[in-house]
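Student:
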Amino acid sequence: MPFMSGLTTFSFNKESFWAAGGFMFVKNLLLLINFLSMLAGLILIGGGAYLISSTGPEGADFINLGGTVATAAVVIGVIVTIVSFLGCFGAANEKGMLLKTYFALLIILVILEISVGIAAYSKRNTVENALEGAWKEALAAKHTTAIMQIEITFECCGYADNSTAWPEENCQEFFHFPTLKTCAEAVKGSLRGSLGTIGAAGLVIGIIELIGLVFSAVMFRKIAQREQAAGSLLNEAWRINRNKIQYGYQNYQYV
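Sequential numbering from 1 applies to the sequence shown in full-length UniProt numbering.
1. So, using beta-carbon positions, are GLY41 and VAL80 closer together than 7 Å?
2. Is THR101 helix, strand or coil when you go by DSSP?
3. Apply the 10 Å Cβ neighbour rule to ASN34 and answer buried if 16 or more other Cβ atoms are within range, or exposed otherwise.
4. Count the other CB atoms within 10 Å of the CB of PHE25; is the residue buried (16 or more) or exposed (fewer)?
5. DSSP three-state label for THR153, please.
6. Leaving out the 5 sequence neighbours to the left and right, which residues in its chain are closer than 6 Å to LYS181 when beta-carbon positions are compared?
7. Between ARG221, ILE111, ILE223, which has its C-alpha nearest LEU210's C-alpha?
8. Beta-carbon within less than 8 Å of ILE45's beta-carbon, same chain only, minus the 5 sequence neighbours each way: which residues are those?
9. Does the Cβ of MET97 have 16 or more other Cβ atoms within 10 Å, making it buried, or fewer, making it exposed?
10. List the endpoints of the continuous alpha helix (DSSP H) containing THR81.
11. Taking only the alpha-carbon atoms, compute the straight-line gap between LEU105 and VAL83 and give it to the nearest angstrom.
12. Would you mind working out which of LEU139, ALA141, ILE118, TYR102 sits nearest LEU203, comparing C-alpha positions?
13. For GLU22, collect the residues of the same chain with a Cβ closer than 7 Å to its Cβ; drop the 5 residues on either side in sequence, then sort them by chain order.
14. With 16 other CB atoms within 10 Å as the buried threshold, where does GLY87 fall?
15. Which class does GLY206 belong to by DSSP, given the choice of helix, strand or coil?
16. Would you decide whether SER37 is buried or exposed? Buried here means 16 or more other CB atoms lie within 10 Å of its CB.
17. Mapping the DSSP letters down to three states, classify LYS181 as helix, strand or coil.
18. Among LYS100, ALA141, LEU51, which residue has its Cα nearest to the Cα of MET219?
19. Would ILE150 be called buried (16 or more neighbouring beta carbons within 10 Å of its own) or exposed?
20. To which residues of the same chain is ALA138 closer than 6 Å at the C-beta, ignoring the five residues directly before and after it?
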């Protein structure tokens, strides 16, 4: 059969694949990966910034989360955005040195991002216990500023019920007491959502950039091979021209 005979004679040629557009495919895919990574980096920045600012400075210290996972998420998000831009620029302009720098930075970033993702997910399960313990300690120490800050920010009263509100008249005066939700419900929902977003973004970025590592390595290797081939061609052209000059000079001497 002609169709089957065509299949049997088909063979994959790596060089013809790259010549037929394989290099452009890898280049465009690397651009897409870095664009997605940049978006995920912006999500990390937004989630971390919201987690820090949602309870205010005192509230963040009160629950002992603002200065750890959230700050790390913002810092890594900024670095991811910058490195992703570097990868986009290097791929778009086919700069081998930039891609090698991008590759080295990616290895460090992947380790950091996966660590932040794991830390954020582990924090999700400890939010309730940490918040309850900190609330009780603040009540015992008469640390009213942090409690009032959380109650005002989240429009809630008390931890599990209004008996732990501080002060009780604060809820009655500013909010529609007693239909107000408890702070345990309000804060846990907000923190779990933010930590979940940070953790998911960190893990997604890690996976995306693992793929980016492979394609950036392939791309800068092909760029190096192309530059080497171009250099060899120039050297050969220079050698041929030199031989022609020498041959012409020798013939001129015999004239």
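Ideal Cβ positions, reconstructed from N, Cα and C, are used throughout, including at glycine.
As the structure is a computational prediction, the values presented were derived from the model and not from experiment.
Tutor: Based on what the coordinates show:
1. In contact: GLY41 and VAL80 (Cβ atoms closer than 7 Å).
2. DSSP, read as helix, strand or coil, puts THR101 in helix.
3. Buried is the call here.
4. Flag for PHE25 reads exposed.
5. Per DSSP, reduced to three states, the secondary structure at THR153 is helical.
6. Excluding sequence neighbours, LYS181 sits near CYS156.
7. The option with the nearest alpha carbon to LEU210 is ILE111.
8. Sequence-distant partners of ILE45 (beyond 5 residues in either direction) whose C-beta falls short of 8 Å from its own C-beta, in its chain, are ALA73, VAL74, GLY77, VAL78, THR81.
9. It is exposed - the Cβ of MET97 has fewer than 16 other Cβ atoms within 10 Å.
10. Here the alpha helix (DSSP H) through THR81 covers 71-93.
11. Roughly 7 Å between the two C-alpha positions.
12. For LEU203, the nearest C-alpha among the options comes from ILE118.
13. Residue identity differs from the one stated: residue 22 is Gly in this sequence, not Glu. Non-local C-beta neighbours of GLY22 in its own chain, meaning closer than 7 Å and more than five positions away in sequence, are absent.
14. In this structure GLY87 is buried. Its beta-carbon is surrounded by 16 or more other beta-carbon atoms within 10 angstroms.
15. Helix.
16. Only buried fits SER37, as 16 or more other CB atoms lie within 10 angstroms of its CB.
17. Three-state DSSP puts LYS181 in coil, outside helix and strand.
18. Of the candidates LYS100, ALA141, LEU51, the residue whose Cα lies closest to the Cα of MET219 is LYS100.
19. Buried, since its Cβ has 16 or more Cβ neighbours within 10 Å.
20. The residues are ALA146, ILE147.
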